[in-house]
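**Student:** Going by our numbering, the sequence shown opens with residue 31, and the numbers climb by one from there.
We treat Cβ as the ideally placed atom computed from N, Cα and C, and that holds for glycine.
Keep in mind it's a predicted model, so treat the numbers as computed, not measured.
Input: one structure, supplied below.
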Amino acid sequence: IAVRESQTRNRSLSVKVKQFDIRGAKIFHERGTVQYPNKPKWHYFTVVRGTGLPIKISARMPEDLHPVYEGIVGFLDREMRVKKMRMEQSRERMHMTGMYRETYY
């Protein structure tokens with residue numbers, strides 16, 4: 031919506047969300063573009079969270095979008111590694127106390 035509004039004459043932008051939680055989110059449309067008639071092309075990517083509406087982050091130049099994209103990807107990668115590490119630690123603690131037993135069918 032904000033991209034569309036930025037292309038109108040009155041240019042009143044409605045940024046609905048200035049801050050949001052991206053833990054567990056996924057990124058879609060990593061190299062999405064949109065172009066309205068007689069207007070410059072916008073580049074965007076979409077952050078889809080487990081709850082709430084997707085967040086579209088956009089800029090006119092892909093170079094302006096790149097640092098934001100890299101920051102979000104870096105955060106999500108670190109979060110995934112931490113979750114995996116915690117799961118392995120929990121599994122190991124359960125195994126050491128005899129509470130964990132792998133069952134294969």
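Okay, do the region 49-61 and the region 78-95 touch, 3+ Cβ pairs below 8 Å being the bar?
**Tutor:** yes
**Student:** Compute the beta-carbon to beta-carbon distance between Phe75 and His59, rounded to the nearest angstrom, for a pair I have assumed lies under 8 Å.
**Tutor:** 5 Å
**Student:** Of all the options Tyr134, Trp72, Ala55, which has the alpha carbon lying nearest to the alpha carbon of Thr63?
**Tutor:** Trp72
**Student:** Based on the DSSP output, what are the partners of Phe75 in its beta bridges?
**Tutor:** Ile87
**Student:** Around the Cβ of Tyr99, are there at least 16 other Cβ atoms within 10 angstroms (buried) or fewer (exposed)?
**Tutor:** buried
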